[in-house]
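Protein chains in written order, with the numbering used here: chain H, 1 to 198; chain A, 1 to 198.
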C-alpha cells in the first residue's frame, strides 16, 4: 500500500523506505516494469530523491540486493571446533533466517534476484563478492572456489526449499535436525577430499 | 515477438505454442500481470482457444509448470549399483539439463514458479507429486520424506547455481566433476544414517 504524504528529506528512514518499496515493486512487477516514479509513490518520496540517493534504477537494484548481514562476520569462528565447521555454518545461517524480519527481506531479495536476466547478473556478482568470499575463507586450499560454490549450492537449495518454496519436510524440520543432516555435507565440501576425476 | 496470423484450431502444435507463450509472459511480466489475451496474442491464437484447452489462467499455469520428463522414469534403475546411486542420480539429472532445449524450458519453469506466492504453491505441489515421489522411491524407509527433500535441496541448489544464476565454479565444472563431488551427498541423504537429534 502506498504511504500517504511525503517524508521529510534525507535521513536513514527515507533511504530504507525507498529500498523497501523498491524490493516490493521489483518482486511484484519485475525489474523492467518498475519505474522510479512508482517506487517514489510507494515510498512517499519525490522520485528526484531516489536519483539523489541511488543514481540510476540499476543503482537502486544494487542497493536493494545488499545482504542485511555480512557473511564474513556471520561465519567468523565457525572452525573453532574444526570437526564441526559444517554444522556451525548451517546452524548460524538457519538461526539468522528463522528471524521473521531477516527471512522476509531475504525471500524478497531472492525473488527479485532470480526474476530477470539482469537482476540475476547483479545477484551473482553480489554473491561472489560476499557469500562465496566468506566460504572460501573456510575451505581447504585445493579447489577452494569450487568447494565454496558447492556449499553455496547446498545452503542455497536448503534456504529456497525451507523458506521460499516451503517444501514440507524442510519447512517443518527443526534447525538442529537440519544442522545434523546437512552439516556433514558442508563439512565434506569445505574440508574433505572431493575425489574429482582427473 | 508476437507471431503474425492465426494458427489452425486444435492440434498439439497449438497447445504447445500457447504453453510456450504463457511461460515467456509469466516469466517476463509475472503471473498477475499476464492476461489470457496477451498469451493469445503472443501465441497467435484466439484467447477462447486457451480457455478451451486450459480453462482458467490457473489451469494454464498448472500446464506451464508440467515437467518435460517424468522423474520416476528418469531415475529408474539408478540403484543398479547400490553404492553409486547418488552419483547416478546426479549424472542423469545433469545430463538432461545440459541439453539446451530442456535447460531453456526448465529455467523458464523455475523462474515462473519462484516469482509469485501463488505460482510457488503450484510449483511446490508439482514437485511434491513428481520429483519428491521419485526420490522417496530410492530412499531408506526411515525419514524417507526428509531424505527425499534433502536430496531435492542439494540438486535444486546445484541446478539453480549452474544453470539459472551461473555461479562460475558450478557453471564451468564438468558433469563428471559435479557427479563426483555431489554424488556422495545424495548417496548419504538417500541411504546412510542421518544422525538426527532425538
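Where a beta carbon is used, it is the ideal one built from N, C-alpha and C, also for glycine.
Span separating the alpha-carbon of residue 130 of chain H from that of residue 170 of chain H: So the two alpha carbons sit approximately 25 Å from each other.
DSSP-derived helix/strand/coil call for residue 4 of chain H: Bear in mind that a pLDDT of 48 at residue 4 of chain H, under 50, signals an unreliable position, so the number given afterwards is only what the model happens to contain. In the structure shown, residue 4 of chain H sits in coil (DSSP, three-state: anything other than H, G, I, E or B).
Contact set between residue 22 of chain A and chain H, taken where Cβ atoms lie within less than 8 Å: Neighbours of residue 22 of chain A on chain H: none; closest Cβ ~16 Å, over 8 Å.
Contact residues within the segment 58-83 of chain A, judged by C-beta distance below 8 Å to chain H: Within the segment 58-83 of chain A, no residue qualifies.
Proximity of residue 60 of chain A and residue 112 of chain A at Cβ, strictly below 8 Å: The Cβ atoms of residue 60 of chain A and residue 112 of chain A do not sit closer than 8 Å to each other.
Sufficient close CB pairs (3 or more, under 8 Å) joining the segment 105-120 of chain A to the segment 31-40 of chain A: With the cut-off at 8 Å, the segment 105-120 of chain A and the segment 31-40 of chain A touch.
Through-space distance from residue 89 of chain H to residue 183 of chain H, alpha-carbon basis: In a straight line, the C-alpha of residue 183 of chain H is about 7 Å away from that of residue 89 of chain H.
Contact residues within the segment 105-137 of chain H, judged by C-beta distance below 9 Å to chain A: Within the segment 105-137 of chain H, the residues whose Cβ lies closer than 9 Å to any Cβ of chain A are, in chain order, 110, 111, 113, 114, 115, 116, 120, 121, 123, 124, 127, 128, 132.
Contact between the segment 155-172 of chain H and the segment 154-169 of chain A (3+ Cβ pairs under 8 Å): Touching, per the Cβ criterion.
Continuous alpha helix (DSSP H) assignments of at least 4 residues falling wholly in the segment 149-195 of chain A: Counting whole runs of 4 or more residues, the segment 149-195 of chain A contains the alpha helix (DSSP H) stretches 168-172, 175-191.
Contact with chain A by residue 46 of chain H, beta-carbon distance below 8 Å: Contact with chain A is absent for residue 46 of chain H, since none of that chain's Cβ atoms lies less than 8 Å from the residue's Cβ.
Residue 185 of chain H at chain A interface by Cβ criterion, 8 Å: Residue contact with chain A for residue 185 of chain H: present (Cβ-Cβ distance below 8 Å to some residue of chain A).
Residue range of the unbroken alpha helix (DSSP H) whose run includes residue 14 of chain A: It spans 12-29 - the alpha helix (DSSP H) in which residue 14 of chain A sits, taken as one unbroken run.
The segment 9-18 of chain A / the segment 162-179 of chain H touching (three or more Cβ pairs under 8 Å): They do not touch, by the three-pair rule.
Residue 4 of chain A versus residue 27 of chain A - alpha carbon distance: Any answer about residue 4 of chain A is weak, because its pLDDT of 48 lies below 50 and its placement is not dependable; what the coordinates show is given next. Roughly 22 Å between the two C-alpha positions.
Chain A contacts from the segment 150-161 of chain H (Cβ-Cβ distance under 8 Å): Cβ proximity to chain A below 8 Å picks out 150, 152, 153, 154, 155, 156, 157, 158, 160, 161 from the segment 150-161 of chain H.
DSSP-derived helix/strand/coil call for residue 86 of chain A: DSSP, reduced to helix, strand and coil, places residue 86 of chain A within a helical segment of the structure shown.
Neighbour list for residue 177 of chain A in chain H, Cβ cutoff strictly below 7 Å: Under the 7 Å cutoff, chain H gives 196, 197.
The alpha helix (DSSP H) enclosing residue 62 of chain A, as first and last residue numbers: Residues 57-64.
Proximity to residue 146 of chain H [Cα-Cα], best of H/194, H/94, H/58, H/83: Cα-wise, what sits closest to residue 146 of chain H is H/194.
Three-state class that DSSP yields for residue 75 of chain A in the structure shown: Coil.
Short Cβ contact (8 Å threshold) for residue 92 of chain H with residue 114 of chain H: No.
Beta-carbon proximity of residue 63 of chain H to residue 43 of chain H, cut-off 8 Å: With a cutoff of 8 Å on beta-carbon distance, residue 63 of chain H and residue 43 of chain H are scored as not near each other.
Proximity test, Cβ basis, 8 Å: residue 28 of chain A and chain H: Yes, its Cβ sits closer than 8 Å to a Cβ of chain H.
Sequence-distant residues of its chain with Cβ nearer than 7 Å to residue 166 of chain A (five each side left out): Non-local beta-carbon contacts of residue 166 of chain A in its own chain, meaning distances under 7 Å to residues more than five positions away in sequence, are absent.
Coarse secondary structure for residue 118 of chain H, derived from DSSP in three states: Shown here, residue 118 of chain H sits in a helix according to DSSP, grouped into three states.
Selected residue, minimal CA-CA separation from residue 67 of chain H, among H/148, H/45, H/128: Nearest of H/148, H/45, H/128 to residue 67 of chain H, Cα basis: H/128.
Burial state of residue 192 of chain H, where buried means 16 or more other Cβ atoms lie within 10 Å: With fewer than 16 neighbouring CB atoms inside 10 Å of its own CB, residue 192 of chain H falls in the exposed class.
Residues that residue 188 of chain A contacts on chain H, provided the C-beta gap is smaller than 8 Å: Simply 184, 185.
Chain-ordered chain A contacts of residue 170 of chain H [CB-CB under 9 Å]: Against chain A, a Cβ distance below 9 Å from residue 170 of chain H picks out 146, 149, 150, 152, 153.
Straight-line Cα distance separating residue 101 of chain H from residue 37 of chain A: Each residue's alpha carbon lies about 38 Å from the other.
Spatial neighbours of residue 144 of chain H in its chain, beta-carbon cut-off 8 Å, leaving aside the 5 residues before and after: Counting only Cβ-Cβ distances below 8 Å, and skipping sequence neighbours, we find 136.
Distance CB(residue 180 of chain A)-CB(residue 198 of chain H) smaller than 8 Å: In this structure, residue 180 of chain A keeps its C-beta atom at 8 Å or more from the C-beta atom of residue 198 of chain H.
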